[in-house]
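If you read the sequences in order, they're chains A and B.
First residue of the first sequence? That's 1 in full-length UniProt numbering, and the numbers climb one at a time after it.
First residue of the second sequence? That's 1 in full-length UniProt numbering, and the numbers climb one at a time after it.
Using N, Cα and C, we set each Cβ at its ideal position, and we do this for glycine too.
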Amino acid sequence: MPYTADKPERPPTGEELRARIPGWGADLDPKDRPAVPRERFDPGASGAHWDFPERQEEKWPRERSIEHKILPPVFGTSCPPKGISGPLRQFAYRRYSEGRAAHWLLLIVADRVDAWESHLRSFLTLRPDNPVTESGVLSEFSRHGISSRFGRRRTDVKHQWMDPVIVGGPWVLAGGAAVAVLRAVRRRRRA
Amino acid sequence: MRAMVYRGPYKVRVEEKDVPPIEHPNDAIVRVTLAAICGSDLHLYHGMMPDTRVGMTFGHEFIGVVEQVGPSVRNLQPGDRVMVPFNIYCGSCYFCARGLYSNCHNVNPNATAVGGIYGYSHTCGGYDGGQAEYVRVPFADVGPSLIPDWMDDEDALLLTDALPTGYFGAQLGDISEGDTVVVFGAGPVGLFAAKSAWFMGAGRVIVIDHLEYRLEKARTFAHAETYNFTEYDDIVVHLKKATGYLGADVAIDAVGAEADGNFLQHVLAAKIKLQGGSPVALNWAIDSVRKGGTVSVMGAYGPIFSAVKFGDALNKGLTLRMNQCPVKRQWPRLFEHIRNGYLKPSDIVTHRIPLEHIAEGYHMFSAKLDNCIKPVIVPGAG
Ligand SMILES: NC(=O)c1ccc[n+]([C@@H]2O[C@H](COP(=O)([O-])OP(=O)(O)OC[C@H]3O[C@@H](n4cnc5c(N)ncnc54)[C@H](O)[C@@H]3O)[C@@H](O)[C@H]2O)c1
Ligand SMILES: [Zn+2]
Ligand SMILES: [Zn+2]
């Protein structure tokens, strides 16, 4: 009991554990642990043969945190800002530091805008978004959706029902709105 | 080339994309032979990570063959079989010089608080990832290593993230001989953390989850004692009882931002996105560890605030330790452990999925169907 000085339970001895568990105690000595100490000044250890890396070409104005003094020499070039979400993202970077909630909340809003403008744009292409194939929901049949979930004391089934609503809901609404508009147009033509 | 592409929350598809070009003299282009989906990818997939753009290719766990190298690359040549740490890092900045490879300052314009990670949103640098046929690997002389001849491909794949992260998590716990260690989460990271806790000399290793099939794996693969938190009214009280009311010496959070067990916390974080992450498991760790104990956080959280029980941590005099794992630092020692037969990383792989079917793979892993623990992605297959 913690109410007296000794540990409440005596752990098994090293011998017992070593016999039962392969590798038990191999890293007992902290000196054998590669993450100890956390910081080890050894610039030669990494394989870098430069003091400061050569700079990658900046092909478009790369958005960057205002907590950076310079544009770092190397960066990703996936998905440049575009559409309505692009300026939103650029504003979040230009105006707010990483310390501000507004920075991150604006980026999250831009993510949602990006998703919807991309869905809309996809309808102008030969490959429109398809929420059924893209959500992988068909694997419910091949991967035992029902028996994987029920009678197993899983707690995530309490909120998993929201997923199809989150994914499919807006599509249903958008589809409904499109039908309503079409109908209204047709009615007006007839009248 | 064929590549997985994000199309918005819960939606991905495979598209035809250009093979990535060399953009920096120390780049390599790697043809991916195996990739994996990580628990971290689920945070992107669920739209929780700010600045995750439609069109990005995810994937930070991959191995492959060098296809092309930039003019300043010395250590690799086309044809080399390489394993690539999930961290992108320069090797020479203030942080890299001190071994903090996951905290590099030269690879991520978008955030100073975060290093570079393959295929992990613009918040982690805006790099496309390895769930594709080809991937750009910056700083080819720093990150990748040749896959040793004796190593199996799937073991090499798991060494790019899940295994070193679990091993690192156990090290941050500062485990002493005989310590009681409780690991929250029996996913790949938690399983490897539990297994590694024994290497550090733990006297007792307890794993908590709500997925029975994963707890079964924790018992067989990691020799752990397990509890399903849905069977207890209050898992913190149960852990106190199980440790003679002392609490564990060390607690490891291997769950992260989407922790279950508290409906409101989960919905606020994972559905409405008003928290950086649901800190249910982290709070359980804080409350179930003993006073003066250590909490090691491997679970990932987004950059927005989370409702963490800081007062308890203060009053209990806890040490909180955490980081993204600096993968390559863990390799030499882990290579030895694998060679000595202490563990077989690929024991946790449950599914092998062709890249073309990756949308189903994401859904299955996210919804935890078909007893999935670790899905491996195979480009170029069926
Ligand atoms: N720090 C790093 O370098 C690093 C690297 C890789 C992964 N990660 C993070 O580690 C975490 C785990 O990754 P993974 O691949 O194992 O993911 P995973 O999703 O497969 O595993 C998470 C497990 O936690 C369980 N869980 C949910 N709520 C729980 C709770 N309240 N208590 C106990 N268990 C609970 C889930 O059922 C699941 O089995 C993720 O957050 C991931 O982002 C961090
Ligand atoms: Zn990962
Ligand atoms: Zn660096």
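Check	Outcome
beta-carbon SER122 of chain A near ligand 2 non-hydrogen atom, thresh 6 angstroms	no
Alpha-carbon spacing of ALA35 of chain A relative to LYS241 of chain B, whole angstroms	32 angstroms
Amino acids of chain B, ordered along the chain, whose beta-carbon sits closer than 8 angstroms to that of THR155 of chain A	HIS210, PHE229, THR230, ASP260, GLY261
Contact set for THR165 of chain B: own chain, Cβ-Cβ below 6 angstroms, skip 5 residues either direction	VAL189, MET298, CYS325
GLU212 of chain B in three-state terms, based on DSSP	helix
Coil, strand or helix - TYR94 of chain B by DSSP	coil
Rounded straight-line distance, which links the Cα of ARG152 of chain A to that of residue 392 of chain B	Limits of chain B in this structure are 1 at one end and 382 at the other, which puts residue 392 of chain B out of reach.
Per DSSP, cross-strand counterpart(s) of GLN68 of chain B	B:ILE29
Exposed unless 16 or more other CB atoms sit within 10 angstroms - verdict on ASN315 of chain B	exposed
Distance between beta carbons of TYR94 of chain B and residue 415 of chain B, contact taken as under 8 angstroms	With chain B covering only 1 through 382, there is no way to say anything about residue 415 of chain B.
Euclidean distance between Cα positions of ALA102 of chain A and ASP347 of chain B	44 angstroms
Cβ neighbour criterion (16 or more within 10 Å) applied to ALA156 of chain B	buried
Cα-Cα separation, ARG81 of chain B to SER288 of chain B	44 angstroms
Reference ASN110 of chain B, options A:GLU63, A:ARG183, A:ALA177, closest by Cα	A:GLU63
7 angstroms Cβ cutoff, SER139 of chain A in contact with chain B	yes
Chain A within 7 angstroms of LEU246 of chain B, Cβ atoms only	yes
Distance between LEU44 of chain B and VAL378 of chain B (C-alpha atoms, nearest Å)	21 angstroms
Simplified DSSP assignment, three categories, for SER122 of chain A	helix
Neighbourhood of SER65 of chain A by C-beta, 8 angstroms cutoff - its chain only, sequence neighbours within 5 removed	TYR93, SER97, GLU98
MET1 of chain A beta carbon near ligand 1 (any heavy atom closer than 6 angstroms)	no
Contact set between ILE21 of chain A and chain E, taken where Cβ atoms lie within less than 8 angstroms	Note that chain E does not occur in the displayed structure, where the protein chains are A and B.
Pair within 7 angstroms by beta-carbon distance, VAL205 of chain B and ALA197 of chain B	yes
Neighbour flag for ALA111 of chain B against chain A, beta carbons, 7 angstroms	yes
Residue list, Cβ distance to ligand 3 heavy atoms smaller than 7 angstroms	B:TYR89, B:CYS90, B:GLY91, B:SER92, B:CYS93, B:PHE95, B:CYS96, B:CYS104, B:HIS105, B:ASN106, B:VAL107
Of the listed residues B:ASN108, B:VAL84, B:TYR342, nearest to LYS69 of chain A (C-alpha basis)	B:ASN108
Nearest neighbour of LEU274 of chain B, chosen from A:PRO43, A:LEU107, A:VAL172 [CA to CA]	A:LEU107
Straight-line Cα distance separating HIS49 of chain A from ASP42 of chain A	13 angstroms
Coarse secondary structure for ARG94 of chain A, derived from DSSP in three states	helix
Exercise answer, beta-carbon shell around ligand 2 heavy atoms below 5 angstroms	B:CYS38, B:SER40, B:ASP161
Per-residue contacts from LEU343 of chain B into chain A (C-beta, under 8 angstroms)	PRO22, GLY23
Partner residues on chain A for PRO9 of chain B, Cβ-Cβ distance less than 9 angstroms	ASP111, ARG112, ALA115, ILE166, VAL167
Neighbourhood of ALA110 of chain A by C-beta, 6 angstroms cutoff - its chain only, sequence neighbours within 5 removed	SER85, LEU88, ARG89
Contact under 7 angstroms by Cβ, GLU61 of chain B with GLY136 of chain A	no
Where the beta strand (DSSP E) containing LEU172 of chain B begins and where it ends	It is not in any beta strand (DSSP E) - LEU172 of chain B instead sits in the alpha helix (DSSP H) that spans 162-172.
Sequence-distant residues of its chain with Cβ nearer than 6 angstroms to ALA186 of chain B (five each side left out)	VAL207, ASP209, ARG214, LEU215, ALA218
Uninterrupted alpha helix (DSSP H) stretches inside the UniProt region "Disordered" (1-58) of chain A (no shorter than 4 residues)	14-20
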